[in-house]
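Colleague: The following block contains the structure, expressed as structure tokens.
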Amino acid sequence: MSEIMEMLVRRGFIWQSFEIYGGMAGFIDYAPLGNGLRRKVETLWREFFVINERSVEIDTPTVGIEEVFIASGHADGFTDVAIECSGCGRVFRADHYVKEKLNLEVDPTVEAVKNVIQEFNLKCECGGDFRNPEHFNLMFVTKIGPGRGKKGYLRPETAQGIFIAFKRLSDYFRNKLPFGVAQIGRAYRNEISPRQGVIRLREFNQAELEFFCHPGEKRHPEFYKYADDVITLVDKFDKEHRITLKEAVEKGIIAHELLAYFVGKTRRFLLAAGIKDEKLRFRQHKDDERAHYAVDCWDAEVLLSYGWIEVVGIADRSDYDLSRHTQFSREDLSIFVPFEEPVKVRKRKVVPDLSKLGPAFKDKAKKIAEELERLEDVGNDITVVVDDEEITVSPEYYEIKEVEEEIHGERLIPHVIEPSFGLDRITYAILEHAFDTDTVDGEERKVLRLKRKLAPVQVAVLPLLSRDVFVDEAEKIASELREHGIYTELDVTGSIGRRYRRYDEIGTPFCITIDHQTFEDETVTIRDRDTTTQVRVGKTELVEVLVELLNSEKSITEFGEIFRS
RNA sequence: GCGCGGGUAGUCUAGUGGUAGGACAACGCCCUUCCGAGGCGUUAGCCCGGGUUCAAAUCCCGGCCCGUGCACCA
């Protein structure tokens with residue numbers, strides 16, 4: 004186990020789930036400190052992507068019904084059959100492999116594939132035999148309700164819950180584009196072989212924003228905020244660029260301004276969370292790498308001990324999801340977008356005469372009329388198709404009128420830009436980038452240099468000695484800090500130096516020490532984790548000073564005289 | 001999923017068939033005027049299941065977990 008993982012487990016950031024039963028790969032427990040940190044990362048994310056955006060946050064079920072994932076395309080793997088070689092261990096998608104080797108279309112079912120393999124004695128490229136074919140899908144299946152129940156899946160991403168609620172959401176925003184909808188929550192993928200600690204989990208935390216926009220207006224009014232930020236980009240040809248976002252858009256490296264806006268915002272968020280700029284890059288997905296729904300995709304990658312790891316995916320999903328759900332649910336998920344000026348259009352319209360259609364066509368009359376109204380610029384005898392029946396309607400049943408219409412807008416399916424964050428990976432990356440060791444008097448000191456606002460324990464109150472008077476005073480101060488919402492720990496055990504080390508290791512930015520002088524002049528010391536310097540501050544101003552320190556990056560030396568430097 | 005290497009207190013580690021040892025950490029008491037001090041004491045361990053054997057942490061088989069290479073990662 005790496006030095007940092009050893010610390011994270013020992014100090015209570017993360018633990019292996021189901022440990023007393025031997026554990027299960029792909030699942031972790033967030034221990035007290037790790038949970039605190041992740042919660043704070045979520046809060047920071049909300050500040051960026053909900054509060055300071057035209058966005059709202061919702062929460063939808065983690066279980067989804069089968070229809071959702073058929074529409075979304077995630078269930079395709081259902082009908083995919085995988086075959087694995089018993090010799091070399093390679094896994095192929097069976098129908099693709101059969102097509103390639105035998106030039107044969109095979110039904111993508113286990114039975115059909117099995118028959119083909121036997122009939123043609125199909126071998127692996129390495130000459131090995133294939134095992135029995137199996138269904139291949141990374142979604143967890145579940146059953147809703149008793150008995151045979153209804154088939155459901157644990158969601159593989161939070162996004163679908165947003166797309167499904169689109170009509171309600173659009174209405175909530177009074178049908179005005181653009182708008183964003185965020186969701187923070189768990190998602191599940193039944194990974195074949197989860198590895199690398201928290202990097203690939205079977206149950207993980209996502210923070211996703213679906214930003215719905217006009218297909219022709221992929222811009223953002225606040226792009227100027229990030230336009231001049233210099234970032235590292237790796238394009239789909241593996242070419243590295245170190246340029247501003249503005250240039251990246253102008254040169255067409257990033258497809259459009261809105262995508263670039265979210266690249267910039269994502270970068271600022273990650274930096275605010277403590278990711279190091281020099282260990283951060285944005286990489287464009289290659290053409291064969293993109294998900295089935297994406298037209299362009301940029302990953303934020305962070306350099307960790309595991310290599311460059313994807314922590315955020317920023318995808319232009321176009322109208323893929325809303326179109327698919329329109330098709331499968333038969334609900335209209337388009338939005339009416341008014342033109343700036345109404346457009347006048349002259350056209351010939353077919354106006355059905357229901358008083359004649361009715362007696363002649365009886366119960367079909369209504370449908371025929373609807374079909375007729377849909378047509379324009381027609382000849383004399385019109386043929387329409389109603390209930391698979393061709394019906395010819397002669398001119399006596401309708402009138403053709405030349406009309407001038409004002410068109411006020413158009414219905415269109417919004418496109419969606421999706422920044423999707425892996426919170427577990429980000430939380431881990433923050434820890435790795437914050438982890439530092441330095442040497443003091445030949446002793447190694449481990450320090451977690453977390454951003455102050457993310458530290459799970461913000462302040463530790465430490466009586467210099469374990470005598471009652473010191474401890475009583477420390478308890479009073481700790482209570483006061485807690486009443487003001489500061490996450491405070493009180494620690495009485497061990498020498499003062501040992502206690503400083505403890506809190507350095509878990510990233511606590513400030514230690515308050517009660518010493519002899521406290522009883523002489525009502526002051527305490529504040530010790531800064533990163534510099535280990537101390538200043539003396541009056542007890543009465545302590546809360547105010549700490550609140551300001553915790554919400555800024557100011558130096559403690561601005562708030563008091565240096566003590567024992 | 002396949003191959004290789006591992007799994008002994010909270011952590012790290014010694015232990016090749018015969019009573020499981022240490023370090024650090026933690027906890028208690030004493031001492032102590034600021035950066036892993038000291039003294040005394042305490043807690044705490046052989047991943048799980050089966051087999052071989054009089055006897056298994058140790059040998060064998062299977063599983064689980066960790067690491068790693070291949071494959072997979074919509």
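With positions in the first sequence counted from 1, the corresponding number in the working numbering is that position plus 3. All residues carry an ideal CB built from backbone N, CA and C; glycine is no exception.
1) Would you decide whether E22 is buried or exposed? Buried here means 16 or more other CB atoms lie within 10 Å of its CB.
2) On the three-state DSSP scale, how would you describe R198?
3) CA-CA distance, C127 and R198?
4) Alpha carbon to alpha carbon, how far is K350 from I403? Give it in angstroms, no decimals.
5) Please specify which runs of the beta strand (DSSP E), each continuous and at least 3 residues long, are wholly inside the region 272 to 297, giving them in chain order.
6) Can you tell me the Cα-Cα spacing of E508 and L36, whole angstroms?
7) Return helix, strand or coil for K146, following the three-state DSSP convention.
8) Would you mind sorting I559 into buried or exposed? The rule is 16 or more other CB atoms within 10 Å of its CB.
9) Could you check where the alpha helix (DSSP H) with N118 kicks off and where it finishes?
10) Out of N38, R414, A275, V233, which has the shortest C-alpha to C-alpha gap to N554?
11) Taking 8 Å as the threshold (C-beta atoms), are G29 and P459 in contact?
12) In terms of residue numbering, what span does the beta strand (DSSP E) encompassing F182 cover?
13) Write down the C-beta distance between R532 and T516 rounded to the nearest angstrom, noting that I regard them as a contact closer than 8 Å.
14) Less than 8 Å separating the beta-carbons of R567 and Q537?
15) Name the DSSP beta bridge partners of C514, please?
16) Determine whether the beta carbon atoms of G200 and M8 lie at a separation below 8 Å.
17) Please state the DSSP three-state secondary structure of Y156.
18) Compare the C-alpha of L306 against each of H328, F51, K279 and name the closest.
19) Please say whether V66 and T145 have beta carbons closer to each other than 8 Å?
20) Using three-state DSSP, classify Q341 as helix, strand or coil.
21) So, with DSSP's three-state summary, where would you put E525?
22) For G497, which residues in the same chain have their Cβ closer than 7 Å to its Cβ, ignoring the five residues on either side in sequence?
23) Return the CA-CA distance between Y264 and V348, expressed in angstroms with no decimal places.
24) Which class does T235 belong to by DSSP, given the choice of helix, strand or coil?
25) What's the C-alpha gap between S469 and F562?
26) Thinking I529 and V540 are a contact (beta carbons under 8 Å), I'd like their distance in whole angstroms, please.
27) Under the assumption that R286 contacts E304 (Cβ atoms under 8 Å), give the Cβ distance between them as a whole number of angstroms.
28) According to DSSP, simplified to helix, strand and coil, what is E304?
29) Spell out the partners DSSP gives H217 in its beta bridges.
30) Ignore the nearest five residues each way along the sequence and tell me which others in I256's own chain have a CB closer than 7 Å to its CB.
31) Residue range of the beta strand (DSSP E) that F176 falls in?
32) Can you pull the DSSP bridge partners for H418?
Modeller: Checking against the coordinates, here is how it stands:
1) To locate residue 22, count along the first sequence from 1; it is residue 19. It is exposed - the Cβ of E22 has fewer than 16 other Cβ atoms within 10 Å.
2) Indexing the first sequence from 1 puts residue 198 at position 195. In the structure shown, R198 sits in coil (DSSP, three-state: anything other than H, G, I, E or B).
3) Here residue 127 corresponds to residue number 124 of the first sequence, with the count starting at 1. Here residue 198 corresponds to residue number 195 of the first sequence, with the count starting at 1. Using only the alpha carbons, I get a separation of about 27 Å.
4) Counting from one through the first sequence, the residue named residue 403 turns up at place 400. Counting from one through the first sequence, the residue named residue 350 turns up at place 347. Going from the Cα of I403 to the Cα of K350 covers about 10 Å.
5) Whole beta strand (DSSP E) segments, 3+ residues: 283 to 287.
6) Working through the first sequence from its first residue, we reach residue 508 at position 505. Working through the first sequence from its first residue, we reach residue 36 at position 33. Those two C-alpha atoms are separated by around 12 Å.
7) The residue labelled residue 146 in the question sits at position 143 within the first sequence. K146: strand per DSSP, three-state reduction.
8) Along the first sequence, read from residue 1 onward, the residue named residue 559 stands at position 556. By the Cβ-count criterion, I559 is buried, with 16 or more other Cβ atoms from all chains shown falling within 10 Å of its own Cβ.
9) Locating residue 118 in the first sequence gives position 115, counting from the first residue. Element bounds for N118: 113 to 123.
10) Reading the first sequence from its first residue, position 551 is the one you call residue 554. With distances taken between Cα atoms, N554 lies closest to A275.
11) Within the first sequence, numbered from 1, the residue matching residue 459 stands at position 456. Within the first sequence, numbered from 1, the residue matching residue 29 stands at position 26. Taking the C-beta atoms as reference points, G29 is found no nearer than 8 Å to P459.
12) Locating residue 182 in the first sequence gives position 179, counting from the first residue. Note, F182: beta strand (DSSP E), 182 to 191.
13) The sequence position of residue 532 within the first sequence is 529, counting from 1. The sequence position of residue 516 within the first sequence is 513, counting from 1. Not quite, the Cβ-Cβ distance comes to about 13 Å (not below 8 Å), so this is no contact.
14) Mapped onto the first sequence, residue 567 falls at position 564. Mapped onto the first sequence, residue 537 falls at position 534. For R567 and Q537, yes; Cβs fall inside 8 Å.
15) If you number the first sequence from 1, residue 514 lands on position 511. DSSP output for C514 lists A463, R530 as bridge partner(s).
16) Taking the first sequence and counting its residues from 1, one reaches residue 200 at position 197. Taking the first sequence and counting its residues from 1, one reaches residue 8 at position 5. In this structure, M8 lies closer than 8 Å to G200 by Cβ.
17) In the first sequence, the residue the question calls residue 156 occupies position 153. If DSSP states are grouped into helix, strand and coil, Y156 belongs with the strands.
18) Counted from its first residue, the first sequence places residue 306 at position 303. Across the set H328, F51, K279, the C-alpha of K279 shows the shortest separation from the C-alpha of L306.
19) On the first sequence, residue 145 is found 142 positions in, with the first residue counted as 1. On the first sequence, residue 66 is found 63 positions in, with the first residue counted as 1. Yes.
20) Here residue 341 refers to the residue found at position 338 of the first sequence. Going by the sequence as given, residue 341 is Pro instead of Gln. Residue state, collapsed to three classes: strand.
21) As a working note, residue 525 is residue 522 in the first sequence. If DSSP states are grouped into helix, strand and coil, E525 belongs with coil.
22) Position 494 of the first sequence, counted from the start, is the residue given in the question as residue 497. Closer than 7 Å at Cβ, skipping near neighbours: no residue.
23) One-based indexing of the first sequence puts residue 264 at position 261. One-based indexing of the first sequence puts residue 348 at position 345. The alpha-carbon atoms of Y264 and V348 are separated by roughly 37 Å.
24) What you label residue 235 is simply residue 232 of the first sequence in a count that begins at 1. Correct three-state label for T235: strand.
25) Here residue 469 refers to the residue found at position 466 when the first sequence is read from its first residue. Here residue 562 refers to the residue found at position 559 when the first sequence is read from its first residue. Going by the C-alpha atoms only, they are around 27 Å apart.
26) The residue labelled residue 529 in the question sits at position 526 within the first sequence. The residue labelled residue 540 in the question sits at position 537 within the first sequence. Under the criterion of beta carbons closer than 8 Å, I529 and V540 qualify as touching, at roughly 6 Å.
27) For the purposes of this step, residue 286 is taken as the residue at position 283 of the first sequence. For the purposes of this step, residue 304 is taken as the residue at position 301 of the first sequence. Yes, R286 and E304 are in contact; Cβ-Cβ is about 5 Å, under 8 Å.
28) Here residue 304 refers to the residue found at position 301 of the first sequence. The answer is strand: DSSP assigns E304 an E or B state.
29) Translated into positions along the first sequence, residue 217 becomes position 214. Looking at the DSSP assignment, H217 forms no beta bridge with any residue, so it has no partner.
30) Within the first sequence, numbered from 1, the residue matching residue 256 stands at position 253. If we look at I256 and ignore the five residues flanking it on each side, its Cβ neighbours are L236, D238, H244.
31) On the first sequence, position 173 is the one that residue 176 refers to. Segment: none, F176 is in no beta strand (DSSP E) and carries neither H nor E.
32) Your numbering for residue 418 matches position 415 in the first sequence. DSSP, once it has assigned bridges, lists C216 as partnering H418.
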